[in-house]
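Numbering-wise, our numbering puts 170 at position 174 of the sequence shown, and it's gapless, one number per residue.
Idealized CB from N, CA, C, for every residue including glycine.
The model shown is predicted, which means the values in this text are computed figures rather than measured ones.
Written below as structure tokens is the structure these notes are about.
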Amino acid sequence: MEIIEPKKVRGPRIDFKIKADWGNANFHTIAGWILAHLRWQSEPGSTFWISTGTGYGDNLRSLVTREVDLTITTPYDLTPEWAIAGSHFFAGEPPATFVRSLGWIPQNDRLVFAIREDTGITSFQDLRDRKFPLKLATSLRTSDNLLTWVVDRVLEEHGIEVEAWGGEWLEHDFPRISVPFVTNGLANAVINEAIVVPQWRELVEKVPMRFLSYEPEALNRLVQKYGLRRGVLRQGYLRVPEDVTCLDWSNWAILVREDMDEELAYLVTSIMVEQRAELEGRYRHLPADIAPMTYPIDPYAMWKGVGAPLHPGAERYYREHGYMK
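See below:
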């Protein structure tokens, strides 16, 4: 961790707001970590606020409307790409061409579909042939929730209907609550992300489950129509007997507007790099493959791949410190 000399502690006054998550998960942890270090390097009387959100549509819209100065979202590539283009989930909204990135925080994640083995369903073709009534656990189906917008596209491209076949949705924003709907017998299937949370492992330990690979033709359409990324749930993870094709849902983008002061963007980026051990330390009690944040954070990689251009202040930081080669 960087040692800050007393004479360097106080900088200019900063009033800073971040849009994070529901209030009890990883985005709030990241927001608190950034703001603590901003506070310690700012003039007394500076103000710092964290706002709750879904992590999806409202997070981007709060940045667009200047409600906040920084927002966090996932997946790190797809969500900002769509917002900048005003496409797909953000269709009908002005393209947010001014969105910029400071980098990303790693999380290995997938959007997967799993169904109880006692249903006898072994494929999406089985679901179609039987018009099987799914009691499907997933996230909240709201106008802010990009995840459930994608869930609808996944089911649509596979020809799966829920209500029309006598099924129902069982919804909750928090994966730690929605996944146990299957464990507790309220639901017979689940489509969700956050594969690292312990509730997924509890589910496969208590209930025989079958993870269905996305069909190649459907997956191709999801990629070609929407730019969604292919993913693989590797053999052995969540007890799957072989690799399962799905969608990638990885990594958390740290986003700002292009008009953020360059020195401020540089400072926040420096915190993300130089204080990364502090954030990693909150997760190192768990193996990296099941930790809610995948560590270590790599400054040589964290500026790459976000679906938004780097802010000039962030780019200057990475270049000056030799991370962009």
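Backbone secondary structure at residue i - three-state DSSP
i, result
"residue 227", "strand"
"residue 268", "helix"
"residue 150", "helix"
"residue 216", "helix"
"residue 99", "strand"
"residue 293", "coil"
"residue 178", "helix"
"residue 221", "helix"
"residue 62", "coil"
"residue 48", "coil"
"residue 315", "helix"
"residue 9", "coil"
"residue 243", "strand"
"residue 202", "helix"
"residue 258", "helix"
"residue 124", "helix"
Proximal residues to residue i (C-beta, below 8 Å), its chain only, five neighbours per side dropped
i, result
"residue 72", "100, 246, 247, 248, 249, 301, 302 and 303"
"residue 219", "225 and 226"
"residue 174", "133, 134, 135, 166, 167, 168, 186 and 188"
"residue 34", "10, 12, 42, 44, 263, 264 and 267"
"residue 197", "234 and 286"
8 Å contact criterion, which residue i and residue j should meet: CB distance rounded
i, j, result
"residue 82", "residue 37", "Going by Cβ atoms, the distance from residue 82 to residue 37 rounds to 36 Å, so no, they are not a contact pair."
"residue 279", "residue 287", "4 Å"
"residue 43", "residue 55", "20 Å between Cβ atoms; not a contact."
"residue 243", "residue 107", "4 Å"
"residue 98", "residue 307", "6 Å"
"residue 228", "residue 65", "About 36 Å separates the two Cβ atoms, so there is no contact after all."
"residue 182", "residue 111", "Going by Cβ atoms, the distance from residue 182 to residue 111 rounds to 14 Å, so no, they are not a contact pair."
"residue 142", "residue 75", "6 Å"
Straight-line gap, residue i to residue j (C-alpha atoms, nearest Å)
i, j, result
"residue 28", "residue 46", "8 Å"
"residue 267", "residue 16", "17 Å"
"residue 30", "residue 139", "29 Å"
"residue 52", "residue 255", "22 Å"
"residue 292", "residue 170", "25 Å"
"residue 70", "residue 113", "30 Å"
"residue 194", "residue 104", "14 Å"
"residue 314", "residue 295", "8 Å"
"residue 61", "residue 80", "14 Å"
"residue 221", "residue 78", "12 Å"
"residue 59", "residue 95", "8 Å"
"residue 109", "residue 258", "43 Å"
"residue 149", "residue 321", "39 Å"
"residue 276", "residue 160", "46 Å"
"residue 130", "residue 24", "33 Å"
"residue 152", "residue 298", "34 Å"
"residue 316", "residue 309", "11 Å"
"residue 118", "residue 210", "12 Å"
"residue 89", "residue 14", "22 Å"
"residue 126", "residue 163", "12 Å"
Nonlocal neighbours in the same chain, by C-beta distance under 6 Å from residue i, ignoring five residues either side
i, result
"residue 124", "155"
"residue 176", "195"
"residue 84", "78 and 222"
"residue 200", "234 and 235"
Own chain partners of residue i with C-beta closer than 7 Å, once the 5 adjacent residues on each side are dropped
i, result
"residue 144", "134, 135, 136 and 137"
"residue 20", "none"
Residue from the options with nearest C-alpha to residue i
i, options, result
"residue 284", "74, 102 and 32", "102"
"residue 217", "146, 119, 142 and 39", "146"
"residue 179", "233, 161, 203 and 158", "203"
"residue 57", "93, 24 and 316", "93"
"residue 190", "212, 126 and 290", "290"
"residue 50", "157, 311, 128 and 22", "22"
Residue i beta carbon near the ligand GTP (any heavy atom closer than 8 Å)
i, result
"residue 161", "Of the ligands one can find in the structure shown there are none, so the ligand GTP has no counterpart to examine."
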